[in-house]
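A short write-up of the structure that comes next.
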Amino acid sequence: MYCGDRSQTMDHVIPFADGGADELTNLVPVCHDCNRRKTDKTPPAWFIGMDLTIRWSGNGTPQGRSGHGDGIMSLREMYLSVHEEVLGLLDDLDTVAAEIADPKRREWFETRYRLYGYPSASYGVPRARKQTEQRIADAKERGYPSVDEELARRMTQRGLSPAD
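Mapping of the sequence shown onto my numbering: position 86 corresponds to residue 86, and the numbering continues sequentially without gaps.
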């Protein structure tokens, strides 16, 4: 979806951690690399940040170096130049959303991505929460031990000394 490579996983357009829905209306197929790099950003924030990072050399001032003949754009000029590309990305997201909304395409999509964790009611986040529910309850009873305390406890259970 984002780079044109073969889709391998699903990405939350609005990050799940920020309250994005864990359903098809908020998911798009992407490659693993884009999914990993996008992290918890929206596609426009990720794209703009990536583009400006690649093109901004760190030289000059926020206003550029007009008059020096060096061709360095100002931050404003760089942002405006990427703006149209972001609008194109948003158009692509709308196209994918419309395609997913088509009942025949949706059936194909659900079948194709079932092994990748869709629908998440059977896989994904709700399943992981259900699987860890008891461990979370136990941790609450113990007063949420710190990582160091938990690591020491596990090492002791395995017959290792935390001092090792």
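Beta carbons are placed, not taken as given, at the ideal position from N, Cα and C, and that holds for glycine. In this text the structure is predicted, and so the values were computed from the model without any measurement.
Helix, strand or coil at residue i [DSSP, three-state]
| i | result |
| --- | --- |
| P29 | strand |
| T42 | coil |
| L75 | helix |
| M10 | strand |
| Q157 | helix |
| P62 | coil |
| W108 | helix |
| A21 | coil |
| Y113 | helix |
| C3 | coil |
| R142 | coil |
| S57 | coil |
| D91 | helix |
| P103 | helix |
Residue i and residue j closer than 7 Å at C-beta
| i | j | result |
| --- | --- | --- |
| F47 | V86 | yes |
| D40 | A21 | no |
| P167 | L80 | A query on residue 167 cannot be resolved here, the shown segment of the chain reaching from 1 to 164 and no further. |
| N26 | D11 | no |
Cβ separation of residue i and residue j, assumed to be a contact under 8 Å, to the nearest whole Å
| i | j | result |
| --- | --- | --- |
| D51 | V30 | Wrong, their Cβ atoms sit about 17 Å apart, outside the cutoff. |
| R106 | L160 | That pair is no contact at about 51 Å. |
| L93 | V28 | 7 Å |
8 Å CB neighbourhood of residue i in its chain, flanking five on each side removed
| i | result |
| --- | --- |
| G49 | K41 |
Cβ shell of residue i (< 7 Å), same chain only, five flanking positions each side left out
| i | result |
| --- | --- |
| M78 | L52, R55 and W56 |
| Q63 | S74 |
Proximal residues to residue i (C-beta, below 6 Å), its chain only, five neighbours per side dropped
| i | result |
| --- | --- |
| D5 | C31 |
| A121 | Annotation note: pLDDT 46 at A121 (below 50); position unreliable, coordinate value reported separately. Answer for A121: no residue qualifies. |
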